[in-house]
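First the structure, in the form of structure tokens, and then the observations on it.
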Amino acid sequence: MSQRQEEKAVRVYADGIYDVFHFGHARSLEQAKKLFPNTYLLVGCCNDEVTNRYKGKTVMNEAERYESLRHCRWVDEVVPDAPWVITQEFLEEHRIDYVAHDSLPYADASGAGKDVYEFVKAAGKFKETKRTEGISTSDIIMRILRDYNQYVMRNLARGYSRKDLGVSYVKEKQLRVKMGITWWRQTVREHREKVGKKLHTVAKTAGMHHDEWVENADRWVAGFLEKFEEGCHIMEIAIRDRIQEHLKRQQLRPLSGWMSETSPFDVLTFVESQSTAAAGID
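Numbered as in our numbering, the sequence shown ends at 289 without a single skipped number.
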């Protein structure tokens, strides 16, 4: 945009933290950009120091958050190191005509007022945008925390070490055992249809009545899966109890001593013995 075009445009300012930039952020900026036929959208983003002081730790650092905004199609200019509370001096410095944000009052943690947008609302320079329901940075973080074990298991399978993921030795072994059990369950389910087809083929060869055979075959496969699921559950409980028992016995010794005594081979051997017992094999 040329200097002449910029002077004709209405200068709208939007601000925020924009951590883990998502489509909810993009939609709010789109609304701000479309407030007027010719809008020059400036987007302010607080730095790490200010954000950590007033809101808390972020997932992305300030450089990553600034760069995410630069790649949003609705943003004309990124204003780094944005203030937590907008002042008259800031509006004049950036020649801001209006400030765009959702209308919910945001408590001013800095102590300057009840609402961080109190000043611009009183000055008649506030333009409301609508929030996108069902998506926020907090929601995304909650999803990760809710499914934490699955994400750790996925990254362990991809080659990350327990140190990379910040998990303990015991936690890693528990999750690796769970990965194996999950794989067993999935494999059995994937083969259920194949087994059923083969059994039907055998039934035809033997000349048995089709409906009778289908009923018996389905009952047999369902019974097998039920026993398998029960065995897996028993095995998970047994593994957990064994790990807890080891920790109790070794509590007077350093944990590293227990770690050196219990190798991954020991755990796998135990899993094998439990799976054999669950299947009823002598």
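Cβ atoms here follow ideal geometry from the backbone N, Cα and C, with glycine treated the same way.
The region 63-80 makes no contact with the region 94-108; the number of CB pairs closer than 8 angstroms stays below 3. The three-state reading of DSSP puts Val106 in strand, counting E and B together. Within 10 angstroms of the beta-carbon of Lys15 lie fewer than 16 other beta-carbons, which makes it exposed. Counting only the Cα atoms, Ala107 lies some 15 angstroms from Pro90. Apart from the 5 residues on each side of it in sequence, Ala116 sits with its Cβ closer than 6 angstroms to the Cβ of Tyr61 in its chain, given in chain order. Between Asn68 and Asp55, the gap from beta carbon to beta carbon is short of 9 angstroms. By the neighbour-count criterion, in which 16 or more other beta carbons inside 10 Å mark a residue as buried, Val50 falls on the buried side. Taking the Cβ atoms as the reference, Thr144 lies roughly 5 angstroms from Val27, within the contact range of under 8 angstroms. In the three-state reduction of the DSSP assignment, Glu135 falls in the strand class, which pools E and B. Counting along the chain, no beta strand (DSSP E) covers Tyr61; the unbroken alpha helix (DSSP H) around it starts and ends at 55-61. Burial check for Val66: the Cβ neighbour count within 10 Å stays below 16, so the residue is exposed. By alpha-carbon distance to Glu74, the top candidate from Asn59, Val57, Lys64, Cys53 is Cys53. In this structure, the beta-carbon distance from Leu42 to Tyr105 falls below 9 angstroms.
Sorting Ala164, Tyr155, Lys134, Ala129 by C-alpha distance to the C-alpha of Tyr20 places Lys134 at the top. Per DSSP, the continuous beta strand (DSSP E) segment holding Gly23 begins and ends at 17-23. Within the same chain, Gly51, Ala89 come within 6 angstroms of Asp22 by CB-CB distance, once the 5 residues on both sides are set aside. Around the Cβ of Arg256, a 10 Å sphere holds fewer than 16 other Cβ atoms; the residue is exposed. In the DSSP annotation of this structure, the continuous segment of the beta strand (DSSP E) that includes Glu84 starts and ends at 84-87. When the five nearest sequence neighbours on each side are left out, the beta carbons in the same chain lying within less than 8 angstroms of the beta carbon of Asn162 are those of Asp171, Leu172, in order along the chain. For a cut-off of 8 angstroms, the C-beta gap from Ile24 to Thr58 is around 6 angstroms, short enough to register as a contact. Judged by DSSP in its simplified three-state form, Ala164 adopts helix.
With respect to the 9 angstroms criterion, Arg169 and Tyr176 are classified as neighbours on the basis of their beta carbons.
Of Arg196, Tyr113, Lys128, the smallest CA-CA separation from Lys121 is found for Tyr113.
Distance check between Glu100 and each of Ala33, Met186, Arg18 places Arg18 closest, using alpha-carbon atoms only.
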